[in-house]
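Each residue of the sequence shown is one higher than the last, beginning at 389 in this note's numbering.
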Amino acid sequence: MVTAISEQAVVTDWPTRLLLTGATLAVIVLALLLLRRGWRRRAKRQEWAPLPEVTQSPSLANAVTGKYIGTVRAGDWLDRIVAGGAMARSKVVPTAAGLVLDRDGEPILFLPAAQLEAVETAPGMLQKVFGGHGIVAITWTWGQSKVVTGIWFADPADQKLVIDWIEDYLVKPPEAPAQGEGSQ
389 MVTAISEQAV VTDWPTRLLL TGATLAVIVL ALLLLRRGWR RRAKRQEWAP LPEVTQSPSL
449 ANAVTGKYIG TVRAGDWLDR IVAGGAMARS KVVPTAAGLV LDRDGEPILF LPAAQLEAVE
509 TAPGMLQKVF GGHGIVAITW TWGQSKVVTG IWFADPADQK LVIDWIEDYL VKPPEAPAQG
569 EGSQ
């Protein structure tokens, strides 16, 4: 039996490997820059209305903790409104003026009671599905557009409580500001 003398193959052609690695990194960086550019352009297109200002009014109940999913245009549950912010843990507080969503790492989102139109439960939104009791989908008017804000609660009792708060807003609209006694 003859033993063949083997030569070790060249494992790496370093110049080619470095060139391919650099090209791959360049493609990844370019893709990330294009994603960022698209997100900023979307935000500019959606500058049709500023976030509603938080009206100082007393809290009607203790805060309930949930997860803010996002805000979308009504009828298109995949079209995220960038100004509404990203998904974040949120404290939901009912006040006399409307619903306050105090989100971690995002500006406070205020849903004025006068702008609320409907509330329902849905299995999910923005390509996120939540099994079991689903999310609370709140339809309201932001500027001139009808939008839907989604909030998920781990506890179905908290979800029911928030739905009851919103239904109270829908049944009895907020009181108009009191006028001075001397005005006619």
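The beta carbon of each residue, even a glycine, is placed where N, CA and C say it ideally should be. Since this is a predicted model, take the numbers as computed values, not measurements.
Taking the alpha-carbon positions, what's the residue i to residue j distance?
i: Gln572; j: Arg461; result: A caution first: Gln572 carries a pLDDT of 38, below 50, which makes its placement in the model unreliable, though a value can still be read off. Gln572 and Arg461: Cα-Cα distance of roughly 41 Å.
i: Ala485; j: Arg433; result: 29 Å
i: Thr400; j: Arg424; result: 36 Å
i: Ala566; j: Val442; result: Any reading at Ala566 must be qualified, since the residue scores a pLDDT of 37, below 50, and its modelled position is unreliable; the value itself is stated next. Roughly 19 Å between the two C-alpha positions.
i: Leu549; j: Ala414; result: 50 Å
i: Leu516; j: Trp402; result: Sequence inspection shows Lys at residue 516; the Leu mentioned does not correspond to that position. Near 44 Å, if we compare the C-alpha coordinates of Trp402 and Lys516.
i: Gly410; j: Ile416; result: 10 Å
i: Tyr557; j: Ala449; result: 14 Å
i: Ser445; j: Val480; result: 14 Å
i: Ala451; j: Leu418; result: 43 Å
Checking the sheet assignment: what are the DSSP bridge partners for residue i?
i: Thr453; result: Lys479
i: Asp464; result: Arg461
i: Leu504; result: Trp528
i: Ile523; result: Ala510, Trp540
i: Phe498; result: Val488
i: Val535; result: Arg461, Trp528
Relative to the C-alpha of residue i, which candidate in the options has its C-alpha closest?
i: Gly531; options: Ile469, His521, Ala449; result: Ile469
i: Pro482; options: Asp467, Thr537, Asp543, Phe498; result: Phe498
i: Lys455; options: Ser445, Trp540, Arg430, Pro495; result: Trp540
i: Gly520; options: Trp528, Gly493, Asp543; result: Asp543
i: Asp546; options: Gly426, Leu406, Pro495, Gly522; result: Gly522
i: Thr529; options: Trp553, Val517, Ala502, Ile551; result: Ala502
If I'm right that residue i touches residue j with Cβ under 8 Å, what's the distance once you round it to whole angstroms?
i: Pro500; j: Pro440; result: 6 Å
i: Arg477; j: Thr459; result: Rounded, the Cβ-Cβ distance is 16 Å, inconsistent with contact.
Task: Three CB pairs or more closer than 8 Å across the region 530-545 and the region 503-515 - done: In this structure the region 530-545 lies against the region 503-515, because at least three pairs of beta carbons, one per stretch, are closer than 8 Å.
Task: Three or more C-beta pairs below 8 Å linking the region 448-465 and the region 509-524 - done: Segments in contact, yes.
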